[in-house]
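*Asks:*
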Amino acid sequence: MARKSLELLTESMFYVLMSLLQGERCGTEITADVERRTGGRLKIGPGTLYTILAKFEEVGYIEETRVEGRKRTYQMTFRGRLAYREELERLRQCVRDAEKEAY
Amino acid sequence: MEEKEKKIVWRFRAVDFYRVAETESWLADMSDKGLLLEKAGTFFCSFEKTEPQKIRYRLEPRGKTDPSEEYVDACEEMGWELVDCWKSTFLIWRSTRNEAPEFHTDPIAESYAFKRLSRSMMWSSIISVIGVILIILLVVRKYLTAPIMQLVSDHELFSMILFLSFIWSDIEAIRQWISIRRLTKKLRSGEDIHERIEVKHKLNWLPDAIYLVSAIAMIAIPFYGIAQSRTGPADRFDMKVPRLCEIEEGITIEEGLTIDGVDYGNFASTSWAWMAPEQLELHEQGYVDEELWEEWHQAGREDVDMPITYRAKYYRLRFEFLAEPLIAEMKKTLTDELGIMFESVDGGDEAWYGRKENLQHLIVRSRNEVVHLRYIGPAELKDRMDILISKLQ
């Protein structure tokens, strides 16, 4: 059965995917990376992070690559990259639309 | 250094765990009073007595499996400790660190976990509603045909409580599902569901307390019923009904099948029901004409007269007003099933006699006592009315 894509990516989800663009990462590395990228503006709670990872795995955006002891590492799939690019394009469009308007 | 012994206290679960914000607030209130959650049970929660502390609790729907060790570690690293899992439905997390981030920072992502829980609760509600409908059909059918006979049967109270608790569980399951569905919708619209609210303890515990009492009653009632019932030879019982030897003169008692010292052709037994706390049943069998009996033994039932069989059932009802409808039901059942027509005869407050070939039935009422005699034999049962009435009085 074909896996259903997510209807929308929230800011946290978008940053989790962004964090995995560079390569494999485990949960705590993702949180630290997101916090660093956003200068501490976006903090991802542990509950949220692992719900997102579980959901992304379910829809096929990411996959588990390694389990070392109690640490699991994930990487983005082609499907995940596609979802990321679609969202990025949507956001770019939003910015373009906003910039057309003088304020 | 000597380790201080933990002091554990138990509290009735004051809130419904499916009301997430209320539960989290109640647990936080308890820690404000120095009670730190240790175990969350169906009806009771245990707490460790400590100094009052400011603690945040968060409930998270449990997935299909236990949380991974990595997840638990990561949460601990970020200031959240897993306390317990409630009924395989919710993981209970707590944080004592003020600087720890909120457990969930994205309501939409959180809604995924709630949506999964909502879906599984919907299916279990549907299945249990179907189950209850089937039980209702069964129970209602029994109660429609003979409600009073059902009420005086020895398992009536048990089945009634069981039936009501099934319905109660269903209502609860649907209510909880609606509550989780509402939370899922709130999350999907970006709202926070973890705000601290004032917990009104007043009657929140009442439904659970009723359910707990019912559960205890369901277990206790059959045991009480068993404790009240006895089976053995008739002469060991206080006979509220005539013996076969008083109905049929010159009777020779014929032994029936004997198991564990009890002759199941000739025995008495008592039973208990809340609506009929005193019940006695007597079974006896025998013969009068020895030649005829021998012949019957050799040739089989079809060719000659049957031996004499006798069954008497006595009820002392809790309420007198149940007696009349009980008799009406007994008569109707015998008329419908065996085609026995009853006529009113003199005796007690009410007496009915019916006959079909050798089979005779006599039903007599005196205030809240009802006796039903079933007899196959040559004697005229209604001629023994005086003996029967003297037993009752």
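Residue numbers (our numbering), protein chains in the order written: chain A, 633 to 735; chain B, 2 to 394. Note that beta-carbon positions come from the ideal geometry of N, C-alpha and C, so glycine has one too.
#1: Measure the C-alpha to C-alpha separation of B:L163 and B:I220 and round it to an integer number of angstroms.
#2: What does the Cβ neighbour count give for B:N267, buried or exposed, with the cut at 16 atoms within 10 Å?
#3: Is the CB of A:G692 under 7 Å away from at least one CB in chain B?
#4: Looking at the structure shown, is B:P223 part of a helix, part of a strand, or coil, going by DSSP?
#5: So that I know if they touch, is there some Cβ in chain A lying closer than 7 Å to that of B:M79?
#6: Report yes if the C-beta distance between A:G677 and B:H195 is below 7 Å; otherwise report no.
#7: When you compare the CB of B:A22 with every CB in chain A, is at least one pair closer than 7 Å?
#8: Any C-beta of chain B within less than 7 Å: which residues of the segment 656-682 of chain A qualify?
#9: Could you confirm whether any beta carbon from chain B is found closer than 7 Å to the beta carbon of A:S651?
#10: Do you know offhand how far B:F322's Cα is from B:V242's?
#11: Using a C-beta cutoff of 7 Å, does A:R704 count as contacting chain B?
#12: If we ignore side chains and look at the alpha-carbon of each, how far apart do B:S345 and B:T310 end up?
#13: Just the C-alpha distance for A:E639 and A:L681, rounded to the nearest angstrom, thanks.
#14: Is there a C-beta anywhere in chain A that falls below 7 Å from the one on B:Y113?
#15: Following the continuous beta strand (DSSP E) through B:D85, name the residue where it begins and the one where it ends.
#16: Quick one: list the residues of chain B neighbouring A:T697, beta-carbon separation under 9 Å, in chain order.
#17: Find the residues of chain D that neighbour B:D107, judging by a C-beta separation of less than 7 Å, and give them in chain order.
#18: Going along the chain, which residues of its own chain have a beta-carbon closer than 8 Å to the beta-carbon of B:S230, five neighbours each way excluded?
#19: Chain B partners of A:A715, CB-CB under 9 Å?
#20: Verify whether the separation of the beta carbon atoms of B:S96 and B:W81 is less than 7 Å.
#21: Can you find a C-beta in chain A that's less than 7 Å from the C-beta of B:F44?
#22: Runs of 4 residues minimum, wholly inside the segment 15-81 of chain B: which ones carry the alpha helix (DSSP H) assignment?
#23: Assuming the contact rule is C-beta atoms closer than 8 Å, B:L184 and B:F91 should be a hit. Round their C-beta distance to whole Å, please.
#24: B:P102 touches chain A at which residues, Cβ-Cβ below 7 Å?
#25: Could you tell me the distance, in whole angstroms, from the CA atom of A:R657 to the CA atom of B:F44?
#26: Can the beta-carbon of A:T642 be found closer than 7 Å to that of B:D193?
#27: What separation, rounded to the nearest whole angstrom, lies between the Cα atoms of B:T336 and B:V130?
#28: Let's see if you can read the secondary structure: which residues bound the beta strand (DSSP E) around B:L363?
#29: Count the other CB atoms, across all protein chains shown, that sit within 10 Å of the CB of B:D304; report buried if there are 16 or more and exposed otherwise.
#30: Could you tell me which residues DSSP puts in a beta bridge with B:E370?
#31: Which value, in whole angstroms, describes the spacing of the CA atoms of B:T51 and B:L38?
#32: Checking the sheet assignment: what are the DSSP bridge partners for B:L283?
#33: As a quick exercise: from B:V10, B:K333, B:Y19, pick the residue whose alpha carbon is nearest that of B:L118.
#34: At what residues does the alpha helix (DSSP H) containing B:W124 begin and finish?
#35: At a cut of 8 Å, does the segment 666-674 of chain A reach the segment 132-146 of chain B through at least three beta carbon pairs?
#36: In the segment 45-75 of chain B, which residues sit with their C-beta less than 9 Å from some C-beta in chain A, listed in chain order?
*Replies:* Working from what's here:
#1: Here residue 163 of chain B refers to the residue found at position 162 when the second sequence is read from its first residue. Here residue 220 of chain B refers to the residue found at position 219 when the second sequence is read from its first residue. Cα to Cα, B:L163 sits roughly 10 Å from B:I220.
#2: Position 266 of the second sequence holds residue 267 of chain B. Sixteen is the threshold: when 16 or more other Cβ atoms of the shown chains lie within 10 Å of the Cβ of B:N267, as they do, the residue is buried.
#3: By 1-based counting over the first sequence, the position of residue 692 of chain A is 60. Not an interface residue.
#4: Numbered from 1 along the second sequence, position 222 holds the residue referred to as residue 223 of chain B. Three-state result, B:P223: helix.
#5: Here residue 79 of chain B refers to the residue found at position 78 when the second sequence is read from its first residue. Closer than 7 Å: yes.
#6: Residue mapping note: residue 677 of chain A aligns to position 45 of the first sequence, counting from 1. Residue mapping note: residue 195 of chain B aligns to position 194 of the second sequence, counting from 1. Cβ distance not < 7 Å, so A:G677 and B:H195 don't count as in contact.
#7: For this step, residue 22 of chain B is matched to residue 21 along the second sequence. B:A22 does not count as touching chain A.
#8: G659, T660, K675, I676, G677, P678, G679, T680, Y682
#9: For the purposes of this step, residue 651 of chain A is taken as residue 19 along the first sequence, with counting starting at 1. Not one chain B Cβ lies under 7 Å of A:S651.
#10: Here the question's residue 322 of chain B lines up with position 321 in the second sequence. Here the question's residue 242 of chain B lines up with position 241 in the second sequence. Going by the C-alpha atoms only, they are around 21 Å apart.
#11: For the purposes of this step, residue 704 of chain A is identified with residue 72 of the first sequence, where counting begins at 1. It does: the Cβ of A:R704 has a partner Cβ on chain B nearer than 7 Å.
#12: Within the second sequence, residue 345 of chain B is the residue found at index 344, counting from 1. Within the second sequence, residue 310 of chain B is the residue found at index 309, counting from 1. Rounded to the nearest whole angstrom, the C-alpha separation of B:S345 and B:T310 is 24 Å.
#13: Indexing the first sequence from 1 puts residue 639 of chain A at position 7. Indexing the first sequence from 1 puts residue 681 of chain A at position 49. Using only the alpha carbons, I get a separation of about 18 Å.
#14: The sequence position of residue 113 of chain B within the second sequence is 112, counting from 1. So, interface residue.
#15: As a position in the second sequence, residue 85 of chain B is number 84, starting the count at 1. 82-87 is the span of the beta strand (DSSP E), which, as asked, contains B:D85.
#16: Translated into positions along the first sequence, residue 697 of chain A becomes position 65. By Cβ distance, chain B contributes nothing, its closest Cβ being about 13 Å from A:T697, past 9 Å.
#17: In the structure shown, chain D does not exist; the protein chains are A and B.
#18: On the second sequence, residue 230 of chain B is found 229 positions in, with the first residue counted as 1. Taken in chain order, the residues that qualify are D155, S270, T271, S272, W273.
#19: On the first sequence, residue 715 of chain A is found 83 positions in, with the first residue counted as 1. Listed along chain B is no residue with a C-beta nearer than 9 Å to that of A:A715; the closest approach is about 15 Å.
#20: Here residue 96 of chain B corresponds to residue number 95 of the second sequence, with the count starting at 1. Here residue 81 of chain B corresponds to residue number 80 of the second sequence, with the count starting at 1. Cβ distance < 7 Å, so B:S96 and B:W81 count as in contact.
#21: Taking the second sequence and counting its residues from 1, one reaches residue 44 of chain B at position 43. No, its Cβ sits nowhere closer than 7 Å to a Cβ of chain A.
#22: 21-33, 70-78
#23: Position 183 of the second sequence, counting from 1, holds the residue named residue 184 of chain B. Position 90 of the second sequence, counting from 1, holds the residue named residue 91 of chain B. In fact, because the Cβ distance is near 12 Å, the residues do not count as touching under 8 Å.
#24: What you label residue 102 of chain B is simply residue 101 of the second sequence in a count that begins at 1. Those are K675, G677, listed as they occur along chain A.
#25: Taking the first sequence and counting its residues from 1, the one referred to as residue 657 of chain A is at position 25. Taking the second sequence and counting its residues from 1, the one referred to as residue 44 of chain B is at position 43. Their Cα atoms are separated by approximately 42 Å.
#26: Locating residue 642 of chain A in the first sequence gives position 10, where the first residue counts as 1. Locating residue 193 of chain B in the second sequence gives position 192, where the first residue counts as 1. Not in contact: A:T642 and B:D193 (Cβ atoms no closer than 7 Å).
#27: Looking up residue 336 of chain B in the second sequence gives position 335. Looking up residue 130 of chain B in the second sequence gives position 129. Between B:T336 and B:V130, the C-alpha separation is close to 37 Å.
#28: In the second sequence, counting from the first residue as 1, residue 363 of chain B sits at position 362. Counting along the chain, the beta strand (DSSP E) containing B:L363 begins and ends at 360-367.
#29: Translated into the one-based positions of the second sequence, residue 304 of chain B becomes position 303. Confidence in B:D304 is poor, its pLDDT being 43 and thus under 50, which makes the residue's placement unreliable; the coordinate value appears in the next sentence. By the neighbour-count rule (16 or more Cβ atoms within 10 Å), B:D304 is not buried but exposed.
#30: Your numbering for residue 370 of chain B matches position 369 in the second sequence. For B:E370, DSSP records a beta bridge to B:R317, B:S367.
#31: Along the second sequence, one-based indexing puts residue 51 of chain B at 50. Along the second sequence, one-based indexing puts residue 38 of chain B at 37. In a straight line, the C-alpha of B:T51 is about 10 Å away from that of B:L38.
#32: To locate residue 283 of chain B, count along the second sequence from 1; it is residue 282. B:L283 has B:A269, B:A313 as its beta-bridge partners, per DSSP.
#33: Working through the second sequence from its first residue, we reach residue 118 of chain B at position 117. Out of B:V10, B:K333, B:Y19, B:Y19 has the C-alpha closest to the C-alpha of B:L118.
#34: On the second sequence, residue 124 of chain B is found 123 positions in, with the first residue counted as 1. From DSSP, the alpha helix (DSSP H) with B:W124 extends over 108-146.
#35: no
#36: Within the segment 45-75 of chain B, contact with chain A at the beta-carbon level (separation under 9 Å) is assigned to R59, E61, G64, P68, S69, E70, E71, Y72, V73, D74, A75.
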